[in-house]
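In what follows, a structure is listed as structure tokens, so that the remarks can point back to it.
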């Protein structure tokens, strides 16, 4: 009885480990998706209304999904309360918003946008936003493919390892 | 002594320069009409008695910092005014910009390098005698003085007085200095019944207001040739028009071009020994 329970526990843990890996992938996909939505809205507002960045970010903060909303709030806080120049606030926001779960190359792509926003004419800024959007979309597509691959592999490996251990214990 | 507007203007500067300026004597802070920053040459305050040099050095980065603060990190939002050599910071502070200009197709596009900034410090002053407002409210009026003479301050106060007595006044605030809207709310008191159109060229602004806001008075700063047709249309619609114009004397006024058919009444503001005087002038057609 005890051995059976132990075996069941081992199988569950190994399967869970596989699922956690997949869960992290889902989190990254959600993060990239929320950032892409923010960039879409940013570009649309810059094209049409030319709002000052503080007003634009203020409005995005309430419309964005997490974790992009947290990132936008962080940038606003750094510019308003810490009085950092916008570029610095944007870059620091990318570094400090852990919930974004960005890989280094993704963080670099998003950070680079801070050097353009608010400094050039609307056309140049929109072009830079679009380039960033396309790069992040590419990273998202890669992550989706990776997730699909890991999904099958991790679950199978997890269950397989667990069953093997269970057999050995029993 | 009201140093509030000066202290607000100083918040546009880097902290290093703020520290120098906020400890200046109250009389200077209350009297300063402009703050001028010169790259490599320092700071100046402009008072009605003259220019006063201030402590502190000004680097190129300081001018860029002021521009970033004044534009709220959004040069795209002020590019139209920057092409004309100025921007208006939150609070209604008009900042004149000088430096190396970037041209495209022969037209100014912006600045490659900044060399100096002039931060104008507007103040809300009750300077219009109520009896004057009572006499002039239903007439078109030209407010005249040399630059820095107090035309904008006078116009703002006249708008406030007449609006508060129940007249529908519409303000075409092209540069955002008269009302200084923040979140849709005027930061200056321009009266309870005043509609403000900010950032709009005056000619287009007058047309929009005539079509949609049924004004009794339309007020604007710095009348130019571009507004002539619109001013005629307003007057022909029975609307009184108030406008300011750079002019130091009646002799100079005789040589100026403006819609004379509309403006038969003028008010010349003079500064003598630190005091302002107001002289009503008839404008010959």
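Residue numbers (my numbering), protein chains in the order written: chain A, 279 to 448; chain B, 184 to 468. Using N, Cα and C, we set each Cβ at its ideal position, and we do this for glycine too.
The beta carbons of residue 355 of chain B and residue 396 of chain B sit about 11 Å from each other, so the pair does not count as a contact at 8 Å. Interface annotation for the segment 249-265 of chain B against chain A: 251, 255, 256, 257, 258, 259, 260 and 262, criterion Cβ-Cβ distance under 7 Å.
Considered as a whole, the segment 281-346 of chain B harbours 313-319 as its complete alpha helix (DSSP H) runs of no fewer than 4 residues, in chain order. Closest by C-alpha distance to residue 297 of chain B, out of B/269, B/452, B/290 and B/216, is B/269.
Against chain B, the beta carbon of residue 339 of chain A has no neighbour under 8 Å; the closest one sits roughly 16 Å away. For residue 332 of chain B, the closest C-alpha among the options B/453, B/208 and B/284 is that of B/453. Separation of residue 426 of chain B and residue 445 of chain B (C-alpha to C-alpha, rounded to the nearest whole angstrom) is 11 Å. Here residue 391 of chain A carries a helix assignment [DSSP, helix/strand/coil]. Listed along chain B, the residues sitting closer than 7 Å to residue 397 of chain A by beta-carbon distance are 258. Cβ contact annotation for residue 282 of chain B (same chain, cutoff 6 Å, sequence separation greater than five): 294, 296, 297 and 298, in chain order. In its chain, beyond the 5 residues on either side, 351, 352, 353, 354, 392, 396 and 398 have a beta carbon closer than 8 Å to the beta carbon of residue 378 of chain B. Neighbours of residue 364 of chain A in chain B, taken as residues at a C-beta separation under 8 Å, are given in chain order as 251 and 256. Boundaries around residue 225 of chain B are those of the beta strand (DSSP E), 225-230, since no alpha helix (DSSP H) includes it. In this structure, residue 315 of chain A lies near residue 342 of chain A, with their beta-carbon atoms less than 8 Å apart. Between residue 363 of chain B and residue 389 of chain B the beta-carbon gap is near 20 Å, outside 8 Å, which marks them as no contact.
Residue pairing by DSSP places residue 382 of chain B opposite no residue, since no beta bridge is assigned to it.
Distance from the CA of residue 277 of chain B to the CA of residue 404 of chain A, rounded to the nearest whole angstrom, comes to 28 Å. Where residue 336 of chain A is concerned, there is no enclosing beta strand (DSSP E), although the alpha helix (DSSP H) around it starts and stops at 331-341.
For residue 329 of chain A, the neighbours in chain B by C-beta distance under 8 Å run, in chain order, 257 and 260. Contiguous alpha helix (DSSP H) elements confined to the segment 379-451 of chain B occur at 385-395, 411-419 and 433-438, taking only those with 4 or more residues. Counting every other CB atom within 10 Å of its CB across the protein chains shown gives residue 352 of chain A a total of 16 or more, marking it as buried.
Ranked by how close their Cα comes to the Cα of residue 357 of chain A, the residues B/255, B/261, B/259 and B/218 have B/255 in first place. Put simply, of B/216, B/365, B/246 and B/217 the residue whose alpha carbon is nearest the alpha carbon of residue 223 of chain B is B/246. The Cβ atoms of residue 312 of chain A and residue 363 of chain A lie no closer than 8 Å to each other. Among the bridge pairs identified by DSSP, residue 320 of chain A is matched with none.
The Cβ-Cβ distance between residue 326 of chain B and residue 237 of chain B does not fall below 8 Å.
Annotation for residue 354 of chain A: the continuous alpha helix (DSSP H) segment containing it runs 346-358. Within its own chain, the residues whose Cβ lies closer than 8 Å to the Cβ of residue 226 of chain B, once the five positions on either side in sequence are excluded, are 200, 203, 204, 218, 219, 220, 236, 237, 238, 239 and 241, listed in chain order. Between the alpha carbons of residue 336 of chain A and residue 324 of chain A lies a gap of roughly 14 Å. Taking 8 Å as the cut-off, the Cβ atoms of residue 400 of chain B and residue 433 of chain B do not count as close. In the DSSP assignment, residue 327 of chain A forms no beta bridge with any residue. With a 10 Å radius around the Cβ and a threshold of 16 neighbouring Cβ atoms, residue 457 of chain B comes out exposed. Here the alpha carbon of residue 193 of chain B sits roughly 19 Å from the alpha carbon of residue 359 of chain B. Beta-bridge partners assigned by DSSP to residue 462 of chain B: B/451. Of the candidates A/302, A/294, A/291 and A/287, the residue whose Cα lies closest to the Cα of residue 421 of chain A is A/302.
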